[in-house]
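Encoded as structure tokens, the structure appears first; notes follow it.
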Amino acid sequence: MKNEFVIADVLPGKLNALVKNIMSQTGSEDPNEAVRLVNSGEWIIKPNIPELKIWKTIKIGTGIKTADDFRKALKKAGCKIGDWGNDILGKPEFKTAEIKEEIDLVNISVAELGFKKGATRKDIYDRALQLGLEFCPAEVGPQLRLQYPDQPLGEWLLVAMEPITDSDGTLYVFDVECNDDGRWLNGNYGNPDYFWGGDYRWVFCRPRK
């Protein structure tokens, strides 16, 4: 009679695939030996770390300082501002850089961060920080909108920033989107427990070494 064992939250099919993967990478033809190599520490299973390529580099501190300055610049560029985005743009927490600098951005999905079924905003942020990414200054929201005129139709990006409280007391972050109505700067839910599906994409800053 074969001995049976259970691993929490792992279905038999997935367990079989996991053992086969270990056998392939260790070069062992014996599943028991492959598992022994891992259990003994001779082989270490490492998490799949996503590639954090620079997606886009933008400038902040360009001389556009106030909310009204940004509203005028966005209008001149043919961009639209949603109500929520317009609200947090005018809050005192929205600040701009004093000097011009370049910011490297990473565009990554919730699934690529390791949450295929989705995750809360807090977990998304925590995971990104573990990988060495950083939050974007709030100014990245409107600056990305201005400096991304060729955004593909249907793309919708959330800006990973410290959320700003709107006039109703709700936390929001900027989002940058392009739809049939045009190119938009908008706001979206920034509550830490708000859940985002795996296909949603966030823009983080990648620090320069």
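Going by this note's numbering, the sequence shown opens with residue 1, and the numbers climb by one from there. Using N, Cα and C, we set each Cβ at its ideal position, and we do this for glycine too. Values in this document were obtained by computation on a predicted structure and should not be read as measured data.
Which of helix, strand or coil does DSSP assign to residue i?
i    : result
E155 : coil
K59  : strand
G182 : strand
K75  : helix
E29  : coil
I64  : coil
F135 : coil
F204 : strand
D9   : Reliability fails at D9, whose pLDDT of 47 lies under 50, so the model's placement of it is uncertain and the value that follows must be treated cautiously. D9 falls in the coil class under three-state DSSP.
Y148 : coil
A97  : coil
Y125 : helix
K20  : helix
With a threshold of 16 other CB atoms inside 10 Å of the CB of residue i, please say whether the residue is buried or exposed.
i    : result
D175 : buried
N16  : exposed
D88  : The question names Asp, yet the displayed sequence has Ile at residue 88. Classification for I88: buried.
G85  : buried
L153 : exposed
Y200 : buried
I124 : buried
Taking just the CA atoms, how far does residue j sit from residue i?
i    : j    : result
V208 : E98  : At residue 208 the sequence reads Arg, which differs from the Val that was named. Roughly 19 Å separates the two Cα atoms.
V19  : E42  : 16 Å
N191 : E29  : 49 Å
C79  : D69  : 14 Å
T120 : D166 : 20 Å
I164 : L158 : 14 Å
Below 9 Å between beta carbons: does that hold for residue i and residue j?
i    : j    : result
W156 : C136 : no
N188 : V173 : yes
K117 : D193 : no
L144 : I58  : yes
A34  : P142 : no
A128 : I108 : yes
T96  : E139 : yes
A67  : F94  : yes
I60  : R71  : no
R206 : L52  : yes
With respect to 8 Å, is the separation between the Cβ of residue i and the closest non-hydrogen atom of the ligand ADP below this value?
i   : result
K95 : This structure lacks the ligand ADP, and indeed carries no ligand of any kind.
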